[in-house]
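Residue numbers (my numbering): 35 to 611.
Even glycine gets a Cβ: it sits at the ideal position worked out from N, Cα and C.
Report on one structure; see the data block that follows.
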Amino acid sequence: MRPDRWWWATGASVAVAVLVCTFPVFRTPLLEPDDYRYLQIIQEGDRGPVELVTGSAVVENSWDHLWWTDTGQSVRFFRPTVVFSYWLDGTLYPDVQLGLLVTNTVIHLLCTLMLALILTFLVGRGYAAYIGTMLFAVMACHAETLWYVAGRTDSLAALFFLAALVMHARLPERAGPALLLPVAAFALALLTKETAVALPLVAVMWDRWTEGGWRELRGRVPVYGAYAGTLVAYLVLRGWTLGSGMDWVFPYLMDPSDPGFPLHLWTGARSYAENLFAGAITLPFLQADQLSSWTSPFGLGVAAAAMGTIGVTLRKDPRFHILLVMAVGSWLPTAIAYVSERYLYLPSAALAGAVALLLSSTRARPALFRVLAVLVVVWGGHQAMNLRNKHRIVASLPYRTAAVVERLFAPIRDDIPPGADVVWLDFPFDWVSAQFMEQLLRVEFDDPGLKLSILTHVPVGRDIPERLVLTRPTPVTLRAHRSTGVTSRGESLFRWVDCDPGAVIRRSALPFEATIVEGSEEVCSTVDFRFETSLDEKVVIWFRPDKPVVPHPTGRVVDGSLQILEVPPPLEGTGER
Numbered sequence: 035m036r037p038d039r040w041w042w043a044t045g046a047s048v049a050v051a052v053l054v055c056t057f058p059v060f061r062t063p064l065l066e067p068d069d070y071r072y073l074q075i076i077q078e079g080d081r082g083p084v085e086l087v088t089g090s091a092v093v094e095n096s097w098d099h100l101w102w103t104d105t106g107q108s109v110r111f112f113r114p115t116v117v118f119s120y121w122l123d124g125t126l127y128p129d130v131q132l133g134l135l136v137t138n139t140v141i142h143l144l145c146t147l148m149l150a151l152i153l154t155f156l157v158g159r160g161y162a163a164y165i166g167t168m169l170f171a172v173m174a175c176h177a178e179t180l181w182y183v184a185g186r187t188d189s190l191a192a193l194f195f196l197a198a199l200v201m202h203a204r205l206p207e208r209a210g211p212a213l214l215l216p217v218a219a220f221a222l223a224l225l226t227k228e229t230a231v232a233l234p235l236v237a238v239m240w241d242r243w244t245e246g247g248w249r250e251l252r253g254r255v256p257v258y259g260a261y262a263g264t265l266v267a268y269l270v271l272r273g274w275t276l277g278s279g280m281d282w283v284f285p286y287l288m289d290p291s292d293p294g295f296p297l298h299l300w301t302g303a304r305s306y307a308e309n310l311f312a313g314a315i316t317l318p319f320l321q322a323d324q325l326s327s328w329t330s331p332f333g334l335g336v337a338a339a340a341m342g343t344i345g346v347t348l349r350k351d352p353r354f355h356i357l358l359v360m361a362v363g364s365w366l367p368t369a370i371a372y373v374s375e376r377y378l379y380l381p382s383a384a385l386a387g388a389v390a391l392l393l394s395s396t397r398a399r400p401a402l403f404r405v406l407a408v409l410v411v412v413w414g415g416h417q418a419m420n421l422r423n424k425h426r427i428v429a430s431l432p433y434r435t436a437a438v439v440e441r442l443f444a445p446i447r448d449d450i451p452p453g454a455d456v457v458w459l460d461f462p463f464d465w466v467s468a469q470f471m472e473q474l475l476r477v478e479f480d481d482p483g484l485k486l487s488i489l490t491h492v493p494v495g496r497d498i499p500e501r502l503v504l505t506r507p508t509p510v511t512l513r514a515h516r517s518t519g520v521t522s523r524g525e526s527l528f529r530w531v532d533c534d535p536g537a538v539i540r541r542s543a544l545p546f547e548a549t550i551v552e553g554s555e556e557v558c559s560t561v562d563f564r565f566e567t568s569l570d571e572k573v574v575i576w577f578r579p580d581k582p583v584v585p586h587p588t589g590r591v592v593d594g595s596l597q598i599l600e601v602p603p604p605l606e607g608t609g610e611r
């Protein structure tokens with residue numbers, strides 16, 4: 035096939051396949067609670083891009099504003115290019131929610147075309163490169179990087195990584211000024227995510243293949259020096275921006291010295307293998323005790339057979355070594371983080387490349403090539419079906435937090451003034467939603483000055499929970515009592531505060547002081563919340579469930595209503611409200 039026809043056919047096929055697989059979420063664009071911290075950045079779009087990126091380049095996860103958690107730590111990431119991309123979306127798209135999804139899809143399409151270029155370098159234009167490209171385009175592990183706004187971090191880093199590798203592969207023997215291009219792309223990849231650190235080693239493996247051995251690489255030392263200098267500069271900038279030290283906050287990060295770290299690695303490896311080879315679902319924050327519910331012996335067998343076949347067949351091929359270093363090197367920086375299928379983005383590109391190599395190795399045996407091609411096409415069809423099904427399931431969930439919040443607040447929205455200090459009793463959503471609910475409300479209400487304090491949780495379970503009993507000992511103090519606990523330990527993975535009577539929780543991130551009046555172990559049954567200003571100056575909202583609040587891996591099933599509470603008068607018991 036003529037080169038121009040091959041590219042037209044590949045590009046068109048990739049675009050159609052990706053759009054078919056993502057169509058369900060295009061019909062219903064979705065936002066997760068943690069996406070709203072980025073939407074809040076877009077909301078502040080009156081700042082210029084330089085001021086915005088320098089002021090928001092650090093993405094931080096902290097939990098001190100949730101009084102029931104006891105971490106005292108935060109997790110911080112350096113993500114200037116990602117933040118800039120969100121600002122750009124806010125500038126370009128009238129419908130930002132749809133625009134974020136469009137950009138995620140465009141990034142994935144560009145990554146796929148970059149991989150197609152790399153595969154043509156490795157195996158030439160033909161069916162092997164075409165099948166490998168199509169396989170990568172529709173792999174089920176890409177669901178989160180497509181529908182999930184924050185999933186863009188991994189695909190955007192991969193785009194710059196693959197672009198740098200393409201430009202490196204085309205560097206002349208004496209690189210000269212042309213070296214600036216792959217170095218710049220490498221720098222952008224690092225500024226997007228740490229997974230790009232593997233690029234220099236991948237470049238060395240590439241040159242070993244093209245130059246024919248290790249000794250011939252001496253002339254490329256200036257190139258590797260440029261990559262090393264870029265990496266050192268990035269690490270210095272990152273360290274200066276984030277500060278020294280790292281907080282190992284479970285479940286976000288797992289300390290390698292922790293006795294549970296090997297089990298964490300096994301949990302991730304098992305889920306990732308079945309995701310890559312069998313299209314299985316990798317549950318975010320998957321824990322070892324959940325593994326049996328999300329994996330199967332059959333999936334493990336398929337993964338082991340496929341990895342064994344690829345590894346044994348290609349073990350001596352230097353092109354396979356390039357891809358192996360890409361897969362392992364881009365995964366290693368994520369090994370300390372929580373389990374997520376997003377971290378498979380670059381490893382899946384390497385897998386698709388290995389499949390193309392496997393097909394290419396059988397070209398001298400047409401019958402075997404046809405059999406393998408049919409198997410890969412069937413496998414790719416299964417991956418595409420699972421990718422579409424993941425998007426269909428996500429788009430059809432009726433209890434996505436943002437949608438439920440919009441429904442709950444509709445009857446009372448007009449009664450909440452701009453810049454209100456909102457106090458929420460019996461918060462019904464999960465711990466991730468609690469972490470980002472203030473940003474969500476600020477964006478949804480277009481009210482950057484709104485403040486939120488969450489005091490109590492609706493207990494999850496099979497029955498409608500016992501109601502809170504509220505009293506107001508002083509004008510600035512609200513006492514909440516429920517014998518089963520005013521907070522719901524539920525499915526939260528974070529360390530819980532000690533509920534010993536007399537314990538006091540004071541933090542700079544809290545606009546109140548919480549004192550445990552009655553409690554034991556993880557059940558805080560009576561708590562005093564003492565604010566700095568009168569409760570009469572706040573908007574107190576209370577969720578009243580119509581049915582039990584049921585936990586779910588992707589959120590909670592919430593059915594009930596919100597009401598604005600008239601706070602009891604000071605110094606008087608009000609009984610059950």
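>> In whole angstroms, give me the CA-to-CA distance for C175 and F311.
In response: The residue labelled residue 175 in the question sits at position 141 within the sequence shown. The residue labelled residue 311 in the question sits at position 277 within the sequence shown. Rounded to whole angstroms, the separation of the alpha carbons of F311 and C175 is 10 Å.
>> What does the alpha-carbon distance come out to for the pair V601 and T505?
In response: Position 567 of the sequence shown, counted from the first residue, corresponds to residue 601. Position 471 of the sequence shown, counted from the first residue, corresponds to residue 505. So the alpha carbons of these two residues sit roughly 9 Å apart.
>> What residue range does the beta strand (DSSP E) around V92 cover?
In response: The sequence position of residue 92 within the sequence shown is 58, counting from 1. Start and end: V92 to S96.
>> Using C-beta distances below 7 Å, list every residue in its chain close to L126, excluding the 5 sequence neighbours before and after it, in chain order.
In response: Locating residue 126 in the sequence shown gives position 92, where the first residue counts as 1. G133, listed in sequence order.
>> Going by C-alpha to C-alpha distance, which of R376, W465, D323 and D593 sits closest to L442?
In response: Taking the sequence shown and counting its residues from 1, the one referred to as residue 442 is at position 408. Out of R376, W465, D323 and D593, D593 has the C-alpha closest to the C-alpha of L442.
> Which one of R252, A192, P482 and A371 has the shortest CA to CA distance from D289?
Replying inline: Within the sequence shown, residue 289 is the residue found at index 255, counting from 1. Comparing Cα positions, the closest option is A371.
> DSSP beta-bridge partners for P381?
Replying inline: Residue numbering aside, residue 381 sits at position 347 when the sequence shown is read from its first letter. For P381, DSSP assigns no beta-bridge partner whatsoever.
> Between the C-alpha atoms of A454 and K424, what's the straight-line distance to the nearest angstrom?
Replying inline: Translated into positions along the sequence shown, residue 454 becomes position 420. Translated into positions along the sequence shown, residue 424 becomes position 390. Taking the straight line joining both Cα atoms gives about 38 Å.
> Which first and last residues belong to the alpha helix (DSSP H) in which Q557 is found?
Replying inline: By 1-based counting over the sequence shown, the position of residue 557 is 523. The sequence given here places Val at residue 557; Gln does not occur at that position. It is not in any alpha helix (DSSP H) - V557 instead sits in the beta strand (DSSP E) that spans V557 to F565.
> Since A150 contacts V157 with CB under 8 Å, what's their CB separation in whole angstroms?
Replying inline: Working through the sequence shown from its first residue, we reach residue 150 at position 116. Working through the sequence shown from its first residue, we reach residue 157 at position 123. Rounded, the Cβ-Cβ distance is 11 Å, inconsistent with contact.
>> Pull the bridge partners of D548 from the DSSP assignment, please.
In response: The sequence position of residue 548 within the sequence shown is 514, counting from 1. Rather than Asp, the amino acid found at residue 548 in this sequence is Ala. Paired residue(s): I539 and F563.
> Per DSSP, what kind of secondary structure is G277 in: helix, strand or coil?
Replying inline: Sequence index remark: in the sequence shown, residue 277 carries index 243 (1-based). G277 falls in the coil class under three-state DSSP.
> Could you give the uninterrupted runs of the alpha helix (DSSP H) lying entirely in the region 414-492, keeping only those of 4 residues or more?
Replying inline: 435-443 and 465-478
>> Looking only at its chain, what residues have a beta carbon closer than 7 Å to the beta carbon of G15, apart from the 5 residues adjacent to it on each side?
In response: Only positions 35 to 611 of the chain appear in the structure, and residue 15 is not among them; the question remains open.
> Of the choices V557, H202, F577 and F461, whose alpha-carbon is the least far from that of L100?
Replying inline: Here residue 100 corresponds to residue number 66 of the sequence shown, with the count starting at 1. Among V557, H202, F577 and F461, the Cα nearest to that of L100 is on F461.
> If V477 sits next to Y70, beta carbons under 8 Å apart, how far is it from one beta carbon to the other, in whole angstroms?
Replying inline: Taking the first residue of the sequence shown as position 1, residue 477 is located at position 443. Taking the first residue of the sequence shown as position 1, residue 70 is located at position 36. So it is a contact: roughly 5 Å between Cβ atoms.
> In chain order, which alpha helix (DSSP H) runs of at least 4 residues are fully inside the region 284-338?
Replying inline: 295-312 and 325-328
> To which residues does DSSP link I141 through a beta bridge?
Replying inline: Position 107 of the sequence shown, counted from the first residue, corresponds to residue 141. DSSP lists no partner for I141.
> How is F528 classed by DSSP in three states: helix, strand or coil?
Replying inline: Start at 1 with the first residue of the sequence shown, and residue 528 comes out as number 494. Note: F528 maps to coil in three-state DSSP.
>> Looking only at its chain, what residues have a beta carbon closer than 6 Å to the beta carbon of A390, apart from the 5 residues adjacent to it on each side?
In response: Here residue 390 is taken as the residue at index 356 of the sequence shown, counted from 1. Cβ within range, chain order: L153, V157, A162, A163 and G166.
> So is T343 buried or exposed if we call it buried at 16+ other beta carbons inside 10 Å?
Replying inline: As a working note, residue 343 is residue 309 in the sequence shown. Result: exposed.
>> By the three-class DSSP mapping on this structure, what secondary structure does Q597 have?
In response: Start at 1 with the first residue of the sequence shown, and residue 597 comes out as number 563. Strand.
> How would you call P256, buried or exposed, if buried means at least 16 neighbouring beta carbons within 10 angstroms?
Replying inline: Walking along the sequence shown from the start, residue 256 turns up at place 222. Exposed is the call here.
> If T435 and V510 are in contact, beta carbons under 8 Å, what's the gap, nearest whole angstrom?
Replying inline: Position 401 of the sequence shown, counted from the first residue, corresponds to residue 435. Position 476 of the sequence shown, counted from the first residue, corresponds to residue 510. Not quite, the Cβ-Cβ distance comes to about 30 Å (not below 8 Å), so this is no contact.
>> Within 10 Å of its beta-carbon, does L222 have 16 or more other beta-carbons around it, so buried, or fewer, so exposed?
In response: Mapped onto the sequence shown, residue 222 falls at position 188. When all chains shown are included, L222 counts as buried.
> Is it true that the CB of L169 sits closer than 8 Å to the CB of T139?
Replying inline: Along the sequence shown, one-based indexing puts residue 139 at 105. Along the sequence shown, one-based indexing puts residue 169 at 135. For T139 and L169, no; Cβs fall outside 8 Å.
> With respect to the alpha helix (DSSP H) encompassing I575, which residues constitute its N-terminal and C-terminal limits?
Replying inline: Against the sequence shown, residue 575 aligns to sequence position 541. Segment V573 to P579 is the beta strand (DSSP E) holding I575; no alpha helix (DSSP H) there.
> Buried or exposed: where does V405 fall if 16 or more other Cβ atoms within 10 Å of its Cβ makes it buried?
Replying inline: Stepping through the sequence shown from its first residue, residue 405 is reached at position 371. Flag for V405 reads exposed.
>> Can you find the residues in the same chain that come closer than 8 Å, C-beta to C-beta, to N309, ignoring five residues on each side of it along the sequence?
In response: The residue you call residue 309 lines up with position 275 of the sequence shown. Cβ within range, chain order: A174, C175, I315, T316, E375 and L378.
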